[in-house]
Amino acid sequence: MARRLMHALVYGGFVDGAVGLKHEKGEIVIKVEAASINPLDWKIYNLRLLVRPLLSTVSHPPIPGNDVAGEVVEVGSGVQKFKPGDKVITVLSVYTAGGLSEYCVAKEKVTVLRPAEVSAAEGAGLPIAGLTALISLTQYADLKLDQPGSGPQKNILVTADSGGVGQYAVQLAKLGNAHVLIHYKAVGEGAASLRSPSGRKYDAVVHCAPTVAWSKLTFSKKKLFTFMLTPNDDEGLKFLVGLMKEGKLKTVIDSKHAWS
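In UniProt numbering, the protein residues as written are 1 to 260.
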């Protein structure tokens, strides 16, 4: 398969020659229209000496960026859902990334169509943060987003709601008819506000802050879950994009930056 040369932002110190790109079976090449930054991007850079051996098998210098919206320009063998010209949203592998570039390669199975009602910037902000919030609420907090109002109302605390995951978590929890307490203060000055105003124990805490005064919290169940997001299909992303199309879920965009 021919290599495609392009402009890209790469981790300094890893660059060795031109940046090339190729796709394999079940993959699509996307012309990037928008990409967003996640903590994962700069955390990997800070751990570059540890990460470098893992990237030795990647065919191009490591390019950050996992959340992408753009236009399909090529499809690999076996691809059935997409064709050149389709507008899409995707989440790239945490191991290879590649979103901060003119073109990127994505797996068909974790890519969804982007409707006209959702801008490229809005779509690019969605995958990792939105899926993290969705999985936290549906799989671990057992919130029924597909059946809002069914069962008893849950009491949910979201810490650091101004971040990407927090913003989506608040919106999704409200769509699921949960009672949501938002905590945005620093731990030192806001520990008291972690207590449920009603005195009712929290059914779940979506913990997005770097630290929190755990001693101030009261849980219905003493369980703590930590997970790493590695999507294997498009189900969750398709659900979130559907909510955005209907105007029920929004991406809060702080700023936009062009290539030059």
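C-beta: ideal position from N, C-alpha, C; glycine also.
_Only counting the same chain, and skipping five residues up and downstream in sequence, which positions put a Cβ closer than 6 Å to that of Gly236?_
Along the sequence shown, read from residue 1 onward, the residue named residue 236 stands at position 236. Excluding sequence neighbours, Gly236 sits near Leu131 and Leu134.
*Spatially closest choice to Ile128 from Ala97, Lys154 and Leu21, by CA coordinates*: Along the sequence shown, read from residue 1 onward, the residue named residue 128 stands at position 128. Cα-wise, what sits closest to Ile128 is Ala97.
_Rounded Cβ spacing between Val32 and Glu102 (contact assumed at less than 8 Å)_ = Indexing the sequence shown from 1 puts residue 32 at position 32. Indexing the sequence shown from 1 puts residue 102 at position 102. 6 Å between Cβ atoms; contact.
*asked:* Less than 7 Å between C-beta atoms, sequence neighbours within five positions excluded: which residues of the same chain meet that for Gly76?
replied: Looking up residue 76 in the sequence shown gives position 76. Answer for Gly76: His23, Glu24, Lys25, Gly26, Glu27 and Ile28, listed in chain order.
*Residues of its chain near Val118, where Cβ-Cβ distance is below 7 Å and the 5 sequence neighbours each way are ignored*: Counted from its first residue, the sequence shown places residue 118 at position 118. Hits under 7 Å: Val241, Met244 and Lys245.
*Pairing CB atoms from the stretch 200-209 with CB atoms from the stretch 157-165, are three or more of them under 8 Å?*
Result yes; three or more Cβ-Cβ pairs closer than 8 Å.
*asked:* DSSP has Ala69 in a bridge; who is on the other side?
replied: Against the sequence shown, residue 69 aligns to sequence position 69. Partner(s): Ala34 and Ile89.
*What do you reckon, are the CB atoms on Val94 and Ala106 nearer than 9 Å?*
If you number the sequence shown from 1, residue 94 lands on position 94. If you number the sequence shown from 1, residue 106 lands on position 106. In this structure, Ala106 does not lie closer than 9 Å to Val94 by Cβ.
*Where the beta strand (DSSP E) containing Thr251 begins and where it ends*: Residue 251 sits at position 251 when you count from the first residue of the sequence shown. No beta strand (DSSP E) holds Thr251; DSSP gives it neither H nor E.
*Exposed or buried, what is Pro152 when buried is set at 16 or more other beta-carbons lying within 10 Å of its beta-carbon?*
Locating residue 152 in the sequence shown gives position 152, counting from the first residue. Burial call: exposed.
*Rounded straight-line distance, which links the Cα of Lys238 to that of Gly125*: One-based indexing of the sequence shown puts residue 125 at position 125. One-based indexing of the sequence shown puts residue 238 at position 238. Near 14 Å, if we compare the C-alpha coordinates of Lys238 and Gly125.
*Tyr202 and Leu181: beta carbons closer than 9 Å?*
Position 202 of the sequence shown, counted from the start, is the residue given in the question as residue 202. Position 181 of the sequence shown, counted from the start, is the residue given in the question as residue 181. In this structure, Leu181 lies closer than 9 Å to Tyr202 by Cβ.
*Can you pull the DSSP bridge partners for Lys107?*
Translated into the one-based positions of the sequence shown, residue 107 becomes position 107. Glu27.
*Among all the DSSP beta bridges, which residues are the ones paired with Val206?*
As a position in the sequence shown, residue 206 is number 206, starting the count at 1. According to DSSP, which records beta bridges pairwise, Val206 is partnered with Val158.
*Compute the Euclidean distance between the alpha carbons of Glu189 and Gly78, then round it to the nearest angstrom.*
Counting from one through the sequence shown, the residue named residue 189 turns up at place 189. Counting from one through the sequence shown, the residue named residue 78 turns up at place 78. Residue placement at Glu189 is poorly supported in this model, since its pLDDT is 44, which falls under 50; the coordinates are not used for a value here.
*Beta-carbon separation of Lys248 and Gln139 under 9 Å?*
As a working note, residue 248 is residue 248 in the sequence shown. As a working note, residue 139 is residue 139 in the sequence shown. No. Outside cutoff.
_Proximity winner among Leu21, Ile63 and Lys43, relative to Ala35 (alpha-carbon distances)_ = Within the sequence shown, numbered from 1, the residue matching residue 35 stands at position 35. Ranking the options by Cα distance to Ala35, first place goes to Ile63.
_Burial state of Lys154, where buried means 16 or more other Cβ atoms lie within 10 Å_ = Numbered from its first residue, the sequence shown carries residue 154 at position 154. With 16 or more other Cβ atoms within 10 Å, it is buried.
*To the nearest angstrom, report how far apart Asp233 and Glu108 are at their CA atoms.*
As a position in the sequence shown, residue 233 is number 233, starting the count at 1. As a position in the sequence shown, residue 108 is number 108, starting the count at 1. Taking C-alpha positions only, Asp233 is separated from Glu108 by approximately 9 Å.
*Using the DSSP secondary-structure output, state which residues sit across from Glu74 in a beta bridge.*
Counted from its first residue, the sequence shown places residue 74 at position 74. Note: Glu74 sits in a beta bridge opposite Val29.
_Rounding to the nearest angstrom, what Cα-Cα distance links Leu9 and Gly176 in this structure?_
Here the question's residue 9 lines up with position 9 in the sequence shown. Here the question's residue 176 lines up with position 176 in the sequence shown. Cα to Cα, the separation comes out at about 39 Å.
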